[in-house]
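Protein chains in written order, with our numbering: chain A, 1 to 401; chain B, 402 to 802; chain C, 803 to 1203; chain D, 1204 to 1604.
For glycine and all other residues, C-beta sits at the position ideal for the given N, C-alpha and C.
There are 4 protein chains.
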Amino acid sequence: MPAATIELSGHIIDSFMLPRIFDAIMDYGGTFHVEEFRVGQSKDETSYTRIELRHDDAAQLHSIVAACLQQGAVLLATPPARTEPAPRDGVFPDAFYSTSNQPTSVLGGAGWIEVEAIEMDCAIVLNGGRARCVAVTDVRAGDAVVCGHEGIRVAPVERSRAREIFGFMTSSVSSEKPKHLVIRELAAAIRDVHARGGRICMVAGPAIIHTGAGEHLSRLIASGHIDVLLAGNALAAHDVEAQLFGTSLGIDLRNGLPIEAGHEHHIRAINRIRAAGGLQAAVESGLLRAGVMYEAVRAGIEVVLAGSVRDDGPLPEVITDMVEAQRRMRAALRGVQLCIMCATMLHAIATGNLLSAAVKTVCVDINPAVVTKLADRGSSQTLGLVTDVESFLRELSECLA
Amino acid sequence: MPAATIELSGHIIDSFMLPRIFDAIMDYGGTFHVEEFRVGQSKDETSYTRIELRHDDAAQLHSIVAACLQQGAVLLATPPARTEPAPRDGVFPDAFYSTSNQPTSVLGGAGWIEVEAIEMDCAIVLNGGRARCVAVTDVRAGDAVVCGHEGIRVAPVERSRAREIFGFMTSSVSSEKPKHLVIRELAAAIRDVHARGGRICMVAGPAIIHTGAGEHLSRLIASGHIDVLLAGNALAAHDVEAQLFGTSLGIDLRNGLPIEAGHEHHIRAINRIRAAGGLQAAVESGLLRAGVMYEAVRAGIEVVLAGSVRDDGPLPEVITDMVEAQRRMRAALRGVQLCIMCATMLHAIATGNLLSAAVKTVCVDINPAVVTKLADRGSSQTLGLVTDVESFLRELSECLA
Amino acid sequence: MPAATIELSGHIIDSFMLPRIFDAIMDYGGTFHVEEFRVGQSKDETSYTRIELRHDDAAQLHSIVAACLQQGAVLLATPPARTEPAPRDGVFPDAFYSTSNQPTSVLGGAGWIEVEAIEMDCAIVLNGGRARCVAVTDVRAGDAVVCGHEGIRVAPVERSRAREIFGFMTSSVSSEKPKHLVIRELAAAIRDVHARGGRICMVAGPAIIHTGAGEHLSRLIASGHIDVLLAGNALAAHDVEAQLFGTSLGIDLRNGLPIEAGHEHHIRAINRIRAAGGLQAAVESGLLRAGVMYEAVRAGIEVVLAGSVRDDGPLPEVITDMVEAQRRMRAALRGVQLCIMCATMLHAIATGNLLSAAVKTVCVDINPAVVTKLADRGSSQTLGLVTDVESFLRELSECLA
Amino acid sequence: MPAATIELSGHIIDSFMLPRIFDAIMDYGGTFHVEEFRVGQSKDETSYTRIELRHDDAAQLHSIVAACLQQGAVLLATPPARTEPAPRDGVFPDAFYSTSNQPTSVLGGAGWIEVEAIEMDCAIVLNGGRARCVAVTDVRAGDAVVCGHEGIRVAPVERSRAREIFGFMTSSVSSEKPKHLVIRELAAAIRDVHARGGRICMVAGPAIIHTGAGEHLSRLIASGHIDVLLAGNALAAHDVEAQLFGTSLGIDLRNGLPIEAGHEHHIRAINRIRAAGGLQAAVESGLLRAGVMYEAVRAGIEVVLAGSVRDDGPLPEVITDMVEAQRRMRAALRGVQLCIMCATMLHAIATGNLLSAAVKTVCVDINPAVVTKLADRGSSQTLGLVTDVESFLRELSECLA
């Protein structure tokens, strides 16, 4: 019967690695034999186990091994990783190892190499002692792509042994929770990341402008708390509309009442910025004198505006090619240690796709379904908050003032 | 062909009365002849029309007339209202006129009489020159119950000719709106109602406690802004739990983190109040020293706690019989001119059932479906807010401080 | 330092008992020493561990022990359960052991006794060798109520070692899943429960009638697949309205179009049944000739209609006192092994409160938040389905035809 | 005081044109004088009115006129439309008339000209007796762009005088409605559009595949009921994944259970199609033998797959540039008279942006918020259905079999 032996060590019980490995074995109908088991006898001791896996069917066994690797197991006495050349530009070899977003290492001839810029649904390319995570659009013919499960080691981000906001709320995302202290701790985390030299990314949806929270986001940017702003055409266009016409989607921002025929302010605002030559030019010419985009231009933070098929206009700075937009977002996310996603599903998912599980993420939306979807990153580093984005940003900016 | 002639006057076009009458005629396949039409030529002039309605089928014509009456039409040269005696206690005559929540008058022998305490889905009982709105549980054998459509005049609450918060947001309830000014205007409306001698009712759900907003509601009560509190066992029990254990449904209110085995605090809190002999007794004995129920007892405001089949306990003050609970709520709602419903669907619907369309209502919930359902009262006096209840109550209490 | 030693055995790793115990220790800031650990080496072998728990603070240690007990741990060499007399009717002793919905045993003088009719948020009363689960409303002065954690053993329902529908979908309730096979397996489970002599309960909300699914539920009842029907006034009233007027809440059930002034059909239907003397009498007199309530009366199944404060009417059979309604529901649920909750949050939560975790439950609603809330029963025996209740009942009745 | 006189004729009361005009006047604080009013005395007669509008402020008066035009009013004795040349490629003159999605005509020298391919948030370009609707990305320097409100006539799609599914459900989108007959009438509408030579467009989201409804959509395409398919990378990728691996997002489509490590099937499927050279090539080579994309390729229907920033891969046929994608969608939508949008917000909004209000649209989603958002098109030709997409497509394909 086909068999494989895995090893696993660390806080393997309370980080749910071992329970999930048993789950996988059961799901695929495999059997196991625990060859060795040493339990950590107290809080700081780690545990170790060696398990032999068996299944009648080699393909099913392969799937069990894949699942075990995702939980941090390593094949016993694994040989170095095997590579095959990419057959063409933009195409992986069929047997490519598909990455997760967990920190991953590859066993090369000279030992374990950490994969750079790990991201899910990519492949690993070995080259000159380095292991790079490469998207399918970026692979080049002949690249040495890691295939199969040998020589792979994943290190799932373990749950914190301390009580802290990250890794705690995810399983119980709820609008029915007190949020005050959570926001205060988030503010502390922002200061902490900056103190350690990390960068903070804000992924922002247009509801920030609709709800009148643009001023809070502007303040966060102006005061240096945001290093990277990822958004779409809508956030920027409504922000400009708010500055030029006092409305957002035709709603008067001072009182929330609709303005008949105010809907067209949106396209008029876009047209004016196109006439001005773009947001940067509009700030320089004095056409745009306040707001989120104004502060972002003034502060010189990194901004990526990614287009979408539902865009009006768009504004000149919006990147309309999606492959290019992903490349620009990837570049902007380098060094980011904390990512706050507010009131956008499209851009938040797009950003989440590009982030390592080790990056702390905060998902804020008034719709619990959105928060649940975003918070489900296979990571304990995610905090979901079901709340009004206006009150969230107001409180956060007050905590950081 | 069966026919009936109706008259209609007022701001009949822009209050949508006339369009809806045409809708009803079309829906039932009737025909009409506009016999007279005088349009108000400027803002302050009213319009008048007299329309003959026809339908092959008398029952369908009856339905058209019923729909027209709901929009404020009156049968031309209508005879006085017709009554039949209730056949038994708790049973209306089969042909009873079923009330709406709009202000309604009945033509008696001596002229039009306004129906007292109008409420939907009830009948009208005539007695000694008075017209009372009576629920089916409260009708007594022999009561003179109005039947048919003759002698009925409904006066739908017209849309305000001014831009104001009530009657405006309902059609476009949204989380994507600025809420600051709306809450400020609501605070002004609260002061205004009190200045005119009206009463303010708060209908409150347990999420107020879960989100840590109990302190804001306590402050609103302590400072005299609330006259009537309608709630269920859960609000009171979680409020007590928060005071005795610092948790709400086992969640630590200081940090939002769950406390293992903290769920049982809920039933322990209820048990202690039962042991103390009730909330009032617990305040007097010093067991309960703060919180929503403490402030309500201290301020001596009117409180009705209505039970439900999902209650734990319940607390001694909770009314477990539903017919009795409705009677107590009806009594408590007398004189209420503004009703704020926060984070409860069950109690908000129950309260809405008992209110005239002329009472201003504000529905606050983070779930847009709840707000839509509650705001759909056939009234322009309703304001729906999709937002976090904690931030709503915090802002409201700040505005009223 | 205060200490306690617990034992735990079974499939303690993959049923998540042990990970959750470590969680609880960490949450409360305790420490542990694993004194013994024997791992099940293959699928069918169980594991065993003995752990010493310590905490500086005795109260915190108490909370850790409470949490461990919920996961199936037992105090090492535990003495028999300790009791105190209930101080008054309707009041537990302050230190009462608060039950969970997991199967629970109590150590009496003569050995372990299984608690009858286990239900959460109750107490355990010992009497003549029996251990009964008693709600606070039902406890009598002097009853011997179990207090503290000694002599308590909880047996959490373990996850199935086979791939099956129960215990699988709960963690990932979703509208984006194929439902065909799940419904087919549910039909098989229904047949299976009946074959083993168990009973099936349906908890039904009024949307069943609004969506036109009444005919499917009627068929399920008529064909003997339902033994107990739990619902409220609304389901029954709309069912009657559909039979007498062809509408539900004034919507024509043949085409989904609203009927102007059709809203009053609801209260007219209720009035007619009140005039007839109730549903049973209306069936006997021939007034009611089809529908859910007609079939329930004809089949003689157990029906409990529990009132609520938002009810119109209500119908004569509706139990308006909530404590009495809970007692009647408890009685009706005896012997129920499978409970299907469709499109009702209020009655589903009320029923869930009364059920052992060992009873299989299926929660069906189009609102994912409702399904999430209902499916969160601390039990692997729960299946959540986010779908249209009409298509669910149609498919289920087709599978069982 | 600035003044303007408008004329309005048609079913101006029950199509809500006149009430909305009065609303707009009130909202902006204007005054009016009804100079003439002739009411249609019976069902088939139209009404006519001439109203003078006044406002102290010329800009506010301008807004009132703009709002009136959207409701079908025309300036009395209007001069021909005024044009200005576009200042640059991709930029409108600042005063451009911003289009709505309602059928619109422009008064040229030789009379009224109907605007071709009307679409909202665009401008109108006059050229050689033709009036074209032009997006800002497509305008060229020097194009004669219509500016201001003179010479503009909008003809809002009037509500049907008959009871029919379109224009009826929109105001009351609900999951709590019977859907059977509605789906049957939709099937009839599909046959009817085809009989008249119109085309049918399906906008499809990936939940169609996740829920197992791919087979129903495949059948609808294979049997010739769909002429245009608009979707994104996800629908096509999951459809291919379902064919190659039997899963969708790693969920086994036969039983809804997740497959550990099955998530990577998604990117493997994409890689294989990239290796094959695209969907068309994969069908030709026999790699792809069934499913939605297979049937679409076989039937030769028009397909536009528009990219998004969250895409994995994407598949070779996916258009990654958003401006190009919009152009391709516009071209594909020519001649479409009925558009069904299933389980996608992004692509449905994008498509809705490009459609005339005269095109019948059906929005199907299990999330009521999505349906509300999509159904809000200022058109009575929209039908919203809150339901499970699998049961919707199953029933629709059965009705059309």
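Around Val737 (chain B), the same chain offers Gly599, Arg600, Ile601, Cys602, Asp628, Val629, Leu756 and Val760 as residues with beta carbons nearer than 8 Å, after the five sequence neighbours per side are excluded. According to the DSSP assignment, Val995 (chain C) belongs to the alpha helix (DSSP H) that extends over His982 to Ala997.
Of the candidates C:Arg840, C:Phe834 and C:Ile853, the residue whose Cα lies closest to the Cα of Asp44 (chain A) is C:Phe834. Of all residues in the region 485-506 of chain B, none places a beta-carbon less than 7 Å from a beta-carbon of chain A. Listed in chain order, the positions of the region 764-792 of chain B with a beta carbon within less than 7 Å of a beta carbon of chain D are Pro769 and Ala770. For Gln1273 (chain D) and Ser1301 (chain D), the gap between their C-alpha atoms comes out near 11 Å. Residue-level contact check: His1413 (chain D) touches chain C, since one or more beta carbons of chain C fall below 8 Å from its beta carbon. A residue is called buried when at least 16 other Cβ atoms come within 10 angstroms of its Cβ; Ser1426 (chain D) does not meet this threshold and is exposed. Annotation: Cβ neighbours of Gln843 (chain C) in chain A (cutoff 7 Å, chain order): His33 and Val34. In the same chain as Val540 (chain B), and ignoring 5 residues on each side of it, the C-beta atoms closer than 8 Å to its own belong to Ala487, Asp490, Gly491, Val492, Phe493, Ala524, Val526 and Val546, in chain order. Using a CB distance cut-off of 8 Å, Ile251 (chain A) counts as an interface residue toward chain B. Met1323 (chain D) counts as buried, since at least 16 other C-beta atoms from the protein chains shown sit within 10 angstroms of its C-beta. At the C-beta level, Ala350 (chain A) and Leu305 (chain A) stay beyond 8 Å of one another.
Contact check for Ile1473 (chain D) against Leu1518 (chain D) passes: the beta carbons are separated by less than 8 Å.
For Ser1193 (chain C), the uninterrupted alpha helix (DSSP H) segment begins and ends at Val1191 to Cys1201. In the displayed model, Phe818 (chain C) falls within coil according to three-state DSSP, outside both helix and strand. Spatial neighbours of Glu84 (chain A) in its own chain (CB-CB distance under 7 Å, excluding positions within 5 residues in sequence) are listed in chain order as Pro93, Ala95, Val145 and Cys147. Residue pairing by DSSP places Lys1162 (chain C) opposite C:Leu1140 in a beta bridge.
Straight through space, the alpha carbons of Ala478 (chain B) and Leu508 (chain B) are spaced by roughly 11 Å. Residue-level contact check: Asp1041 (chain C) does not touch chain B, since none of the beta carbons of chain B fall below 8 Å from its beta carbon.
Taken in chain order, the members of the region 9-23 of chain A whose beta-carbon sits within less than 7 Å of a beta-carbon on chain C are Ile13, Asp14, Phe16, Leu18, Pro19, Phe22 and Asp23. Here Ile366 (chain A) is near Ile767 (chain B), since their CB atoms are less than 8 Å apart. Under the three-state reduction of DSSP output, Thr1249 (chain D) falls in the coil class, being neither helix nor strand.
When CB distances to chain B are screened at a threshold of 7 Å, the residues of the region 1107-1129 of chain C falling below it are Ala1108, Gly1109, Ser1110, Val1111, Arg1112, Asp1113, Asp1114, Gly1115, Thr1122, Asp1123, Met1124, Val1125, Ala1127 and Gln1128, in chain order. Look at Leu346 (chain A): its C-beta is under 8 Å from a C-beta on chain D. Rounded to the nearest whole angstrom, the CA to CA distance from Ile407 (chain B) to Tyr449 (chain B) is 11 Å. Distance from the CA atom of Asp777 (chain B) to the CA atom of Ala1171 (chain C), rounded to whole angstroms, is 22 Å. Residue state for His550 (chain B) is assigned as coil, using DSSP reduced to three classes. Beta-bridge partners assigned by DSSP to Gly931 (chain C): none are found.
Nearest to Cys1144 (chain C) by alpha-carbon distance, out of C:Thr1163, C:Ala1127 and C:Glu837, is C:Thr1163.
Counting of Cβ neighbours within 10 angstroms places Gly291 (chain A) among the buried residues, the total reaching 16 or more. Remark: C-beta atoms of Leu1599 (chain D) and Ile1386 (chain D) approach each other more closely than 8 Å. Ranking D:Glu1319, D:Ala1390, D:Ile1321 and D:Val1360 by CA distance to the CA of Cys1602 (chain D) puts D:Ala1390 first. At least one beta carbon of chain C lies nearer than 8 Å to the beta carbon of Lys1382 (chain D). A residue is called buried once 16 or more other Cβ atoms fall within 10 Å of its Cβ, and Ala511 (chain B), having fewer, is exposed. Within chain C, the residues whose beta carbon sits less than 7 Å from that of Phe37 (chain A) are Val841, listed in sequence order.
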